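*Asks:*
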Amino acid sequence: MQPYQILILIAVYFAVLVGISYLTSKGADNNTFFKANKQSPWYVVAFGMIGASLSGVTFISVPGWVESSQFSYMQVVFGYLVGYFIIAYVLMPIYYRLNVTSIYQYLEQRFGVVSYKTGAFFFFISRILGASFRLFLVAIVLQYFVFDSLGIPFEATVILSILLIWIYTFKGGIKTIVWTDTLQTLFMLIAVFLAIFFINDKLGWTISELLSSTEFEDYNKTFFFDSIFAKNHFIKSFFGGMFIAICMTGLDQDMMQKNLTCKSLKDAQKNMISFSIVLIAVNFVFLLLGGLLFIYANKFGIAVPIMDGKTKTDLLFPEIAMNGSLGLGVSIVFFLGLIAAAYSSADSALTSLTTSFCVDFLAIEKKPKETQNSLRKKVHIGMSVLLIIVIIIFKHLLNDNVISNLLTVATYTYGPLLGLFSFGIFTKYKVHDSYVAPVAIGVVLLVIGIANIPSEILNGYQFGYELLPLNGLLTFIGLILIRRKEH
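This note's numbering puts the first residue of the sequence shown at 17, with every later residue one more than the last.
1. Would you tell me roughly how many angstroms separate the C-alpha atoms of N314 and V130, rounded to the nearest one?
2. Since R150 is in the alpha helix (DSSP H), which residue starts that stretch and which ends it?
3. Report buried or exposed for K382, applying the criterion of at least 16 other Cβ atoms within 10 angstroms of its Cβ.
4. With distances taken from CA atoms, which of I168, I181, L303, F209 is nearest N236?
5. Quick check: S11 and A207, are their CB atoms within less than 7 Å of each other?
6. Quick test of your reading: A362 and L151, contact by CB under 8 Å. State the CB separation rounded to the nearest angstrom.
7. Please name the residue in D197, A172, F137, I498 whose C-alpha comes closest to that of S37.
8. Measuring straight from C-alpha to C-alpha, what distance separates F259 and K133?
9. Could you say which of K218, L158, Q200 lies nearest to I66 if we only look at CA atoms?
10. Since I215 and Y312 are thought to touch, with beta carbons under 8 Å apart, how far apart are those beta carbons, to the nearest angstrom?
11. Between the Cα of G99 and the Cα atoms of H412, M288, F213, which residue gives the shortest distance?
12. Can Y142 and Y430 be called in contact, C-beta distance under 7 Å?
13. Name the DSSP bridge partner or partners of S56?
14. Who are the near neighbours of R500 in its chain, counting only those whose CB is closer than 8 Å to its CB and skipping five residues on each side?
15. Checking 7 Å against the spacing of the C-beta atoms, do Y481 and K252 come in under that value?
16. CA-CA distance, H503 and F127?
17. Consult DSSP for R499 and reduce its assignment to one of helix, strand or coil.
18. What are the partner residues of V447, as DSSP defines its beta bridges?
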């Protein structure tokens, strides 16, 4: 597939998204941008959330992770399922009862302004980094396969990617995204199923032959119980996955903002449960694709791409799709799926960052009516510029698999949110609000220090996803220490 063909595909794709934006943003105001006027059908939200949850990271990075971790990621995914049920029946009733625009407004009502701003701050950092991870992955793929050959620098690729998102989200916001995510999820799922079909067909196998092959056995180990000291032990992965789901979905303005556009709590709960069950099957399919990619690469002598002197397993899927003798059809399917997967999470991240900054930090609802729309548009531009800067910085810092980096960062940044919400929901204590920020920041620094203790000192123990609940627990303990005594 030639670079100009990819550019045409991107142009057509975004023309469709802009068309959807035009239809969904007629008469849009801030209530439309932030809440979609609370008129979103639950099944549309549920289907679109699949793409937003998976993103370009899952589309490329999860298959690329199979070589080093096999199917151990499914242990985390099973934990997700439990986490999503907790979100549906513990967190969602609170958000709907309080009728919040930003979920962190709960913290203000429960503890005070500093707690509210602290929660919003940690979300803001989490989402900036998470969205940047996802967009960075797409940008390096576009750079490697398209823009390098045209002499266009990486920085320009990043700017173009963010600009395209801004164009179709700046007016309709979350209302537009609910519908564009639905389309993008459909494209992504079609792409991954067709990729499996074409690669498997090239190998001359049926699906049952793939699953029973000796080659596949080298990649498909799912459960790891060998040593609790290992990073991928089942217990650590399962409970880590549960807390990751609670934090990265239930305590995340990006994901919850979509749920809060449903007409009622009951609809939002139906959305969450149906979405969580489908997500298990979809993640398994991505891991299946990963095993298939490495089998294909070994059989046909395709090397894992190297970029900036570093081996990038994240680039194996695009390498095979573009240069693996599978034909133009596979290349088109791959890029369509990649673009859909990437932008279905990035566009909602940009919108949620705009929402959080406007509501949580600028108190836009208290501003004069005539200035609210213009203020929101300025913030939307500012968030776009911030994402561009962070993504460019990532190019010079990231060495590991992107999904590994993403989940590692989540263990640090979402921990204070887990502790704050848990303390608010499961205790009746008040706290000295002014001390909340120092406690949260101190705990994050402590957990980073714990994570970097050499395994040799700990008799070979390796920290994994259990750092997230540990982070939350330490925050919870810190809040107990600063609780206000009842008089």
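Every residue gets a Cβ at the ideal spot worked out from N, C-alpha and C, and that includes glycine. All figures in this text were calculated on a predicted structure; none of them were measured in a lab.
*Replies:* Checking against the coordinates, here is how it stands:
1. 55 Å
2. 129-158
3. exposed
4. L303
5. This structure gives no information on residue 11, because the portion of the chain shown stretches from 17 to 503.
6. 5 Å
7. D197
8. 22 Å
9. Q200
10. 5 Å
11. M288
12. Note on residue identity: the sequence assigns Ser, not Tyr, to residue 142. Yes, the pair counts as a contact, with Cβ atoms nearer than the cut-off.
13. C278
14. Y445, K446, V447, H448
15. yes
16. Reliability fails at H503, whose pLDDT of 47 lies under 50, so the model's placement of it is uncertain and no value is given.
17. strand
18. R499
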